[in-house]
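Scroll down for the structure; my scribbles are underneath it.
2 protein chains.
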Amino acid sequence: MSSGIEDAPKRRGRRRSGEDTRAALVAAAREVFTEHGYSGATVRRIATRAGVDPAMVNHWFGGKEGLFSAAVSIPVNPSEIIPKLMEGDPQHLGERMVRQFVTVWDAQEGGAFMALMRGIATHEESVRILREFITSVVFGRMIKELGMNRPELRAALCGTQIVGLGMMRYVVRLEPLASADRETVVAAVAPNLQRYLTGDLSDVPG
Amino acid sequence: MSSGIEDAPKRRGRRRSGEDTRAALVAAAREVFTEHGYSGATVRRIATRAGVDPAMVNHWFGGKEGLFSAAVSIPVNPSEIIPKLMEGDPQHLGERMVRQFVTVWDAQEGGAFMALMRGIATHEESVRILREFITSVVFGRMIKELGMNRPELRAALCGTQIVGLGMMRYVVRLEPLASADRETVVAAVAPNLQRYLTGDLSDVPG
Numbered sequence: 001m002s003s004g005i006e007d008a009p010k011r012r013g014r015r016r017s018g019e020d021t022r023a024a025l026v027a028a029a030r031e032v033f034t035e036h037g038y039s040g041a042t043v044r045r046i047a048t049r050a051g052v053d054p055a056m057v058n059h060w061f062g063g064k065e066g067l068f069s070a071a072v073s074i075p076v077n078p079s080e081i082i083p084k085l086m087e088g089d090p091q092h093l094g095e096r097m098v099r100q101f102v103t104v105w106d107a108q109e110g111g112a113f114m115a116l117m118r119g120i121a122t123h124e125e126s127v128r129i130l131r132e133f134i135t136s137v138v139f140g141r142m143i144k145e146l147g148m149n150r151p152e153l154r155a156a157l158c159g160t161q162i163v164g165l166g167m168m169r170y171v172v173r174l175e176p177l178a179s180a181d182r183e184t185v186v187a188a189v190a191p192n193l194q195r196y197l198t199g200d201l202s203d204v205p206g
Numbered sequence: 001m002s003s004g005i006e007d008a009p010k011r012r013g014r015r016r017s018g019e020d021t022r023a024a025l026v027a028a029a030r031e032v033f034t035e036h037g038y039s040g041a042t043v044r045r046i047a048t049r050a051g052v053d054p055a056m057v058n059h060w061f062g063g064k065e066g067l068f069s070a071a072v073s074i075p076v077n078p079s080e081i082i083p084k085l086m087e088g089d090p091q092h093l094g095e096r097m098v099r100q101f102v103t104v105w106d107a108q109e110g111g112a113f114m115a116l117m118r119g120i121a122t123h124e125e126s127v128r129i130l131r132e133f134i135t136s137v138v139f140g141r142m143i144k145e146l147g148m149n150r151p152e153l154r155a156a157l158c159g160t161q162i163v164g165l166g167m168m169r170y171v172v173r174l175e176p177l178a179s180a181d182r183e184t185v186v187a188a189v190a191p192n193l194q195r196y197l198t199g200d201l202s203d204v205p206g
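Chains as they are written, first to last, in UniProt numbering: chain A, 1 to 206; chain B, 1 to 206.
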């Protein structure tokens, strides 16, 4: 973020500030993740595209996952959050996840979620990266770690609930969900997410 | 929809075709629903804005609800569909609803849903009309008819699941959900929608 105090032309030729480096990395990451997918995009390639030292990725984002999260406007770093969420009873994982998502999004009044949705509606590349985020980075990995059957289907179903929750609470702002307190949202939504995570899907064909 | 054969200038001064009338009504409806909300917008006002006879609303849309659905790119008429969905066991309403949404959206390869989402992400007025659609026209009314407690909360929660399903199947196109057959989607999602419609929410504060 720019301070907004200086005019853009004055910045030319100055040494890159930390925030400039960070922004250049996010912009380069969006391009490279789009071109190569999550697994194909390397930290080195992104840093080269941004014209900065690869060590800056660790410095600013703690690694590739954090940079990816920033690129898709997800203000958490999955490699820090997921191990914490996985601690404790798997039967309460849905509850912990809803609480985590709502806590992070609420703190920004839904800004990050809205930015993500705006990108998805208008840019094909945002769709691609959200797809990878759901399958490779967050839900898919957690469900595989739980050892559940049909992990891809479960991950996609979790995506329906979490993205739909974000849409209603922050974008459509449908009452009483929009101004419900966090624990109300958790109690309302967690059992449904839990079915997708660990419930019996034996009635589901395929 | 225009035929695309004639150039726009040639159309000037010609008598309005049926399709032109329909399009003028949809455009006027979007404006008037935005300005006055669902209940405040009258058929007469919309017809006047479109410069057509109010009888054309019945002719083309079967009434205000059908026109509203067209304005929000929902290709069904709630006043026809809802009574059919309400027939039968309320404990299977979730199943019937998921089947109905997926059938309609699949027939258009998600086109109507994507148009709606694009509008929502970029135009505040689309948000307002979707909000009314969920609360006044579809879920809210069905849940009130069922006599369930907390109808507004239930309607909003149904919105999270249905909108999230549309996002994953048609916009993000997350596999295996995107190419799953209809009955797989129904079996996977219906129990979750059913909890929001008629399930026990006594653990939910508020």
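Glycine is no exception: its CB is placed at the ideal position from the N, C-alpha and C atoms.
Cutoff 6 angstroms; reference residue i; Cβ partners in own chain excluding five residues on either side
i, result
"D20 of chain A", "none"
"L25 of chain A", "A50"
"G159 of chain B", "I134"
"V127 of chain A", "I120"
"Q91 of chain A", "none"
"R44 of chain A", "P54"
Limits of the unbroken alpha helix (DSSP H) element including residue i
i, result
"N58 of chain A", "A55 to F61"
"M86 of chain A", "P78 to M86"
"M148 of chain B", "Run containing M148 of chain B: none; DSSP gives neither H nor E here."
"V26 of chain A", "G18 to G40"
"S69 of chain A", "K64 to A71"
"A100 of chain B", "In the sequence as displayed, the identity of residue 100 of chain B is Gln instead of Ala. Taken as a continuous stretch (DSSP letters only), the alpha helix (DSSP H) holding Q100 of chain B covers L93 to A107."
"P191 of chain A", "R182 to T198"
"R49 of chain A", "V43 to A50"
C-beta contact flag for residue i and residue j at 8 angstroms
i, j, result
"M117 of chain A", "L193 of chain A", "no"
"V102 of chain B", "R173 of chain B", "no"
"I46 of chain A", "L67 of chain A", "yes"
"A41 of chain B", "F33 of chain B", "yes"
"S73 of chain B", "A29 of chain B", "no"
"E65 of chain A", "V137 of chain A", "yes"
"Y38 of chain B", "E132 of chain B", "yes"
"S69 of chain A", "N58 of chain A", "no"
"I129 of chain A", "A55 of chain A", "no"
"R150 of chain B", "L201 of chain B", "yes"
"G206 of chain A", "A178 of chain B", "no"
"T184 of chain B", "V104 of chain A", "no"
"E35 of chain A", "E152 of chain B", "no"
Where residue i meets chain B, residues with beta-carbon distance less than 9 angstroms
i, result
"I120 of chain A", "M117, A121, M167, V171 and V172"
"I134 of chain A", "M168, V172 and L174"
"V102 of chain A", "Near V102 of chain A there are no residues of chain B at all, since even the closest Cβ is about 12 angstroms away, more than 9 angstroms."
"G37 of chain A", "None at all; the shortest Cβ gap to chain B is about 14 angstroms."
"V127 of chain A", "V171, V172 and R173"
Within chain B, partners of residue i - CB distance below 8 angstroms
i, result
"E65 of chain A", "Result: empty, since nearest Cβ-Cβ is about 19 angstroms, beyond 8 angstroms."
"E183 of chain A", "P205"
"Q161 of chain A", "T160, Q161, G164 and N192"
"R131 of chain A", "V172, R173 and L174"
"L146 of chain A", "Near L146 of chain A there are no residues of chain B at all, since even the closest Cβ is about 18 angstroms away, more than 8 angstroms."
Cβ-based neighbour list, residue i, same chain, cut-off 7 angstroms, excluding 5 preceding and 5 following
i, result
"V189 of chain B", "V98, Q161 and L165"
"A155 of chain B", "I134, T135, F139, G140 and I143"
"M86 of chain A", "M142 and E145"
"L157 of chain A", "Y196"
Neighbour list for residue i in chain B, Cβ cutoff strictly below 7 angstroms
i, result
"P191 of chain A", "R195"
"A187 of chain A", "D203, V204 and P205"
Same chain, Cβ closer than 8 angstroms to residue i, five either side skipped, listed in chain order
i, result
"V186 of chain A", "E95, V98, R99 and V102"
"V52 of chain B", "R16, T21, A24 and L25"
"G18 of chain A", "W60"
"G110 of chain A", "G166, R169, Y170 and V171"
"A27 of chain A", "A50"
"M148 of chain A", "R154, L197 and T198"
"P191 of chain A", "G94"
"D106 of chain B", "R182"
Beta-carbon neighbours of residue i, restricted to chain A and to distances below 8 angstroms
i, result
"A180 of chain B", "L153 and G206"
"R30 of chain B", "Within 8 angstroms Cβ-Cβ: nothing; R30 of chain B doesn't reach chain A, min ~17 angstroms."
Per-residue contacts from residue i into chain A (C-beta, under 9 angstroms)
i, result
"L25 of chain B", "Per Cβ cutoff of 9 angstroms: no residues; L25 of chain B is ~25 angstroms from chain A at best."
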